[in-house]
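Student: Could you have a look at this structure, given as structure tokens, before my questions?
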Amino acid sequence: MKTLHVFPETIFSVGPVRITDTIVTTWFIMVVIIAVCYFLTRKLSVKPGICQEILEAIFEAIEKTIKDALPLNPWMVLPVLGTFWIIIGASNMAGLIPGLKTPTADLNTTFAFAVISYSMTHVFGIATQGLKGYLIHYKEPTWILLPFHIIAEVTRTVALAVRLFGNMLSGDMVAVILLGIAGLLVPVPFSLLHIVIGLIQAYIFGVLTLVFIAGGIRTKPEKET
Amino acid sequence: MKFDIWTFLFQIINFAVLLFILRRILYKPIRSIIEKRRGLIEKTIDDAEKAKQDALELRKKHQNELNTYKEQHIQMLEVAKEEAENEKKRLLSEAEKEVKKGIEKEKGIYNAEKRRLETLLKEKALETASVFASRLLRDISDKELHKALFRKILAKLGQITTDIAKIKEKDETIEIEIMSAFPLEKDELKAFQDAMESLTAKKVNLSTTTDDRLIAGVKIKIYDMIYDSSLMGQIESFTIRMKETV
């Protein structure tokens, strides 16, 4: 069945380690990203060219977004968020290139990213308030709510992973199904829509991570006031 | 689709690697360049602020200097005004003096001219008076008057001879010229000659001329002395005396 191609396939195995096409595609995307970044940042100067100006504008926009949400130096969080946006955005677009799988249409990938996002919440929470200070907010306002806090943590992480996975997989599947049914031209508008959805999903993933981090950090200042 | 631990782990590792590499080649350079620019901008702003402060201070300083200059200017103006005022006064007083001098001079000239004219007028008046007197006397004089005058001079001969004696002691003869208004009678001449000879004890040579300008009476010339008893002579001597006295 053609439709089965949207799911990851093992390309080769090294002992117990199975390397799927998802991972290979991710490596390829990483190489491209690194190469582009290398060329973009090779000739930075105080008087920027047009590429550098765009790049700086993007980063200053990200910086401002983080600054509005977090009472922290934005450059602490920016690399994580930026990397999320770049890797997820690039991964979402990868499916448009013929022969490449969309890595984010693999639940393993999205779970991996969601777990990283979840970890970051704790990392920044503990880094700013200390372990004790961070853990205290789990018993707020009473101990009874502790299970609900934990459930919330888990569900929002799962939701993060599944949201991205579902959107990407559906996009891929729709494309494959339409290709099977109507040939060349009909999938084009859906592919365009897929681009938009991919960018939006990348943005949502990053912003939600930011919001979760902010939630983890803000507990203490709110308590103090 | 099933959960694959290897894919999961690889994706975490991939993310970490990408994060690490991007940190190196993307975030750090961009952050540094942005911060560098911000620093530069802040520095520029600070410099501008400083320059502004400097400019303000400079302006203040200049304003003060300007005020000082203005004050000095005013003072200098006042001093100059005072000097000018003094100079003006001095010049005015000098001019006044000059004018006074000029007036004095003009007055002097005027007075001199006045005096000259007055004198001239007097002289003219005297001349006219003398002419008038001589005309009048000429009209009213006659031989009788002439003779009376001659007799008067004969009576005065004593004084005349004493004068002659003092001057001409050595001479033996005396030359006497008698100018007369009317021709003299021989006896009159004789009486005169006798009287002279007896008074001086010297010989007397008489010569006579007639001159009707004398109006009446005679004019006696002895050497360089003239005794004038004629009316004309009287008038002339009177005129001269009048000129001298007025």
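Going line by line, the protein sequences match chains A and B.
If you read the first sequence in numbering that gives the first Met the number 0, its first letter stands for residue 0, the second for the next number, and so on.
If you read the second sequence in numbering that gives the first Met the number 0, its first letter stands for residue 0, the second for the next number, and so on.
Every residue, glycine too, gets a C-beta built ideally from N, C-alpha and C.
If I measure Cβ to Cβ from A113 of chain A and keep anything under 6 Å in the same chain, skipping five residues before and after, which residues do I get?
Tutor: Taking the first residue of the first sequence as 1, we reach residue 113 of chain A at position 114. Here the set comprises T156, L159 and A160.
Student: Assign G124 of chain A to one of two classes, buried (16 or more other C-beta atoms within 10 Å of its C-beta) or exposed (fewer than that).
Tutor: Here residue 124 of chain A is taken as the residue at index 125 of the first sequence, counted from 1. Per the 10 Å Cβ criterion, buried.
Student: Which of the three DSSP states, helix, strand or coil, is assigned to V153 of chain A?
Tutor: Position 154 of the first sequence holds residue 153 of chain A. Here V153 of chain A sits in helix by DSSP.
Student: When the Cα of A215 of chain B is compared with those of B:V78, B:I11, B:D141 and B:L55, which residue comes out closest?
Tutor: Stepping through the second sequence from its first residue, residue 215 of chain B is reached at position 216. Of the listed residues, the one whose Cα sits closest to A215 of chain B is B:D141.
Student: Going by other Cβ atoms of all chains shown within 10 Å of its Cβ, with 16 needed for buried, is M224 of chain B buried or exposed?
Tutor: For this step, residue 224 of chain B is matched to residue 225 along the second sequence. M224 of chain B should be labelled exposed.
Student: Between the Cα of K131 of chain A and those of A:I216, A:S190 and A:P78, spot the shortest distance and give me the residue it belongs to.
Tutor: If you number the first sequence from 1, residue 131 of chain A lands on position 132. Comparing Cα positions, the closest option is A:I216.
Student: Could you check if I85 of chain A is buried or exposed, using at least 16 other CB atoms within 10 Å of its CB as the buried criterion?
Tutor: Taking the first sequence and counting its residues from 1, one reaches residue 85 of chain A at position 86. By the neighbour-count rule (16 or more Cβ atoms within 10 Å), I85 of chain A is buried.
Student: In chain B, which residues lie less than 7 Å from N107 of chain A when you measure between Cβ atoms?
Tutor: Locating residue 107 of chain A in the first sequence gives position 108, where the first residue counts as 1. Ordered by position in chain B, the residues that pass the 7 Å Cβ test against N107 of chain A are F2, D3, T6, F7 and Q10.
Student: Is there a Cβ of chain B sitting closer than 8 Å to that of V206 of chain A, yes or no?
Tutor: Here the question's residue 206 of chain A lines up with position 207 in the first sequence. Not one chain B Cβ lies under 8 Å of V206 of chain A.
Student: Does DSSP put L3 of chain A in a helix, a strand or coil?
Tutor: For this step, residue 3 of chain A is matched to residue 4 along the first sequence. In this prediction, L3 of chain A scores a pLDDT of 46, lower than 50, which makes its location untrustworthy; no coordinate-derived value is stated.
Student: So who's on the other strand from S206 of chain B, going by DSSP bridges?
Tutor: Stepping through the second sequence from its first residue, residue 206 of chain B is reached at position 207. Paired residues: B:E176.
Student: DSSP three-state label for R17 of chain A, please.
Tutor: Counting from one through the first sequence, the residue named residue 17 of chain A turns up at place 18. The answer is strand: DSSP assigns R17 of chain A an E or B state.
Student: Tell me whether M61 of chain B is buried or exposed, calling it buried when 16 or more other Cβ atoms sit within 10 Å of its Cβ.
Tutor: Here residue 61 of chain B refers to the residue found at position 62 of the second sequence. Sequence check: residue 61 of chain B is His here, not Met. Exposed.
Student: Would you list the one or two residues that DSSP bridges to M224 of chain B?
Tutor: Here residue 224 of chain B is taken as the residue at index 225 of the second sequence, counted from 1. According to DSSP, M224 of chain B bridges with B:I221.
Student: Is the separation between the beta-carbon of Q78 of chain A and that of Y26 of chain B shorter than 8 Å?
Tutor: Position 79 of the first sequence, counted from the first residue, corresponds to residue 78 of chain A. Position 27 of the second sequence, counted from the first residue, corresponds to residue 26 of chain B. It is worth fixing the name first, because residue 78 of chain A is Pro in this sequence and not Gln. A contact, by the Cβ cut-off of 8 Å.
Student: Using a C-beta to C-beta distance shorter than 9 Å, which residues of chain B count as neighbours of M29 of chain A?
Tutor: The residue you call residue 29 of chain A lines up with position 30 of the first sequence. N13, V16, L17 and I20, listed in chain order.
Student: So, using beta-carbon positions, are I115 of chain A and L209 of chain A closer together than 8 Å?
Tutor: Indexing the first sequence from 1 puts residue 115 of chain A at position 116. Indexing the first sequence from 1 puts residue 209 of chain A at position 210. Not in contact: I115 of chain A and L209 of chain A (Cβ atoms no closer than 8 Å).
Student: Could you check if Y117 of chain A is buried or exposed, using at least 16 other CB atoms within 10 Å of its CB as the buried criterion?
Tutor: If you number the first sequence from 1, residue 117 of chain A lands on position 118. Counting Cβ neighbours within 10 Å, Y117 of chain A comes out buried, since at least 16 surround it.
Student: Under 6 Å Cβ to Cβ from L3 of chain A, same chain only, skipping five residues before and after it: list those, please.
Tutor: Taking the first sequence and counting its residues from 1, the one referred to as residue 3 of chain A is at position 4. Caution applies to L3 of chain A, whose pLDDT of 46 falls short of 50 and renders its modelled position unreliable; the value that the coordinates give is listed next. Nothing listed; no residue qualifies.
Student: What does Y26 of chain B reach in chain A if we use C-beta pairs closer than 7 Å?
Tutor: Working through the second sequence from its first residue, we reach residue 26 of chain B at position 27. The contacting residues are L77, P78 and G81.
Student: Using CA atoms only, rank isn't needed, just tell me which of A:T24, A:L177 and A:L106 is closest to S190 of chain A.
Tutor: Start at 1 with the first residue of the first sequence, and residue 190 of chain A comes out as number 191. The candidate whose alpha carbon is nearest that of S190 of chain A is A:L177.
Student: If you pair each beta-carbon of the segment 4-22 of chain A with each one of the segment 3-19 of chain B, do three or more pairs fall below 8 Å?
Tutor: The segment 4-22 of chain A, when compared against the segment 3-19 of chain B, does touch it at the 8 Å Cβ threshold.
Student: Please determine, among A:G182, A:G88 and A:L184, the residue with the shortest C-alpha to C-alpha distance to A201 of chain A.
Tutor: Reading the first sequence from its first residue, position 202 is the one you call residue 201 of chain A. For A201 of chain A, the nearest C-alpha among the options comes from A:G88.
Student: When the cut-off is 8 Å and only beta carbons count, does T25 of chain A lie next to chain B?
Tutor: Walking along the first sequence from the start, residue 25 of chain A turns up at place 26. Output row for T25 of chain A: interface = yes.
Student: Output yes if chain A places a C-beta closer than 8 Å to the C-beta of E37 of chain B; else output no.
Tutor: Along the second sequence, one-based indexing puts residue 37 of chain B at 38. The sequence given here places Arg at residue 37 of chain B; Glu does not occur at that position. Chain A, which has no Cβ nearer than 8 Å to the Cβ of R37 of chain B, makes this no.
Student: Using a threshold of 8 Å, state whether the C-beta atoms of M241 of chain B and T208 of chain B are closer than that.
Tutor: The sequence position of residue 241 of chain B within the second sequence is 242, counting from 1. The sequence position of residue 208 of chain B within the second sequence is 209, counting from 1. Cβ distance not < 8 Å, so M241 of chain B and T208 of chain B don't count as in contact.
Student: Note down the Cα distance separating P97 of chain A from L106 of chain A, rounded to an integer number of angstroms.
Tutor: In the first sequence, the residue the question calls residue 97 of chain A occupies position 98. In the first sequence, the residue the question calls residue 106 of chain A occupies position 107. Whole-angstrom Cα-Cα distance: 21 Å.
Student: Touch check for the segment 68-82 of chain A and the segment 11-28 of chain B: three-plus C-beta pairs under 8 Å?
Tutor: Output reads yes: the segment 11-28 of chain B touches the segment 68-82 of chain A.
Student: Under a three-way DSSP split, which group does F239 of chain A fall into?
Tutor: With chain A covering only 0 through 224, there is no way to say anything about residue 239 of chain A.
Student: Using a threshold of 8 Å, state whether the C-beta atoms of I152 of chain B and S228 of chain B are closer than that.
Tutor: Residue 152 of chain B sits at position 153 when you count from the first residue of the second sequence. Residue 228 of chain B sits at position 229 when you count from the first residue of the second sequence. Against a cut-off of 8 Å, the Cβ pair of S228 of chain B and I152 of chain B comes out as a contact.
Student: Cα separation between M0 of chain A and K100 of chain A?
Tutor: Numbered from its first residue, the first sequence carries residue 0 of chain A at position 1. Numbered from its first residue, the first sequence carries residue 100 of chain A at position 101. With a pLDDT of only 36 at M0 of chain A, under the threshold of 50, the placement of this residue in the model should not be trusted; the figure read from the coordinates follows. The alpha-carbon atoms of M0 of chain A and K100 of chain A are separated by roughly 16 Å.
Student: In whole angstroms, what separates the C-alpha of I199 of chain A from that of M92 of chain A?
Tutor: On the first sequence, position 200 is the one that residue 199 of chain A refers to. On the first sequence, position 93 is the one that residue 92 of chain A refers to. Their backbone Cα atoms lie some 11 Å apart in a straight line.
Student: Tell me which same chain residues have a C-beta within less than 8 Å of the C-beta of S12 of chain A, skipping the five on either side of it?
Tutor: Along the first sequence, read from residue 1 onward, the residue named residue 12 of chain A stands at position 13. Once the five neighbours on either side are set aside, the close Cβ partners of S12 of chain A are I18.
Student: Can we say the segment 26-41 of chain B touches the segment 55-63 of chain A, given the rule of at least three CB pairs closer than 8 Å?
Tutor: In short, these stretches touch, since the Cβ pair count reaches three.
Student: Beta carbons nearer than 7 Å to chain A: which residues of the segment 37-62 of chain B have them?
Tutor: Cβ contacts with chain A: L39.
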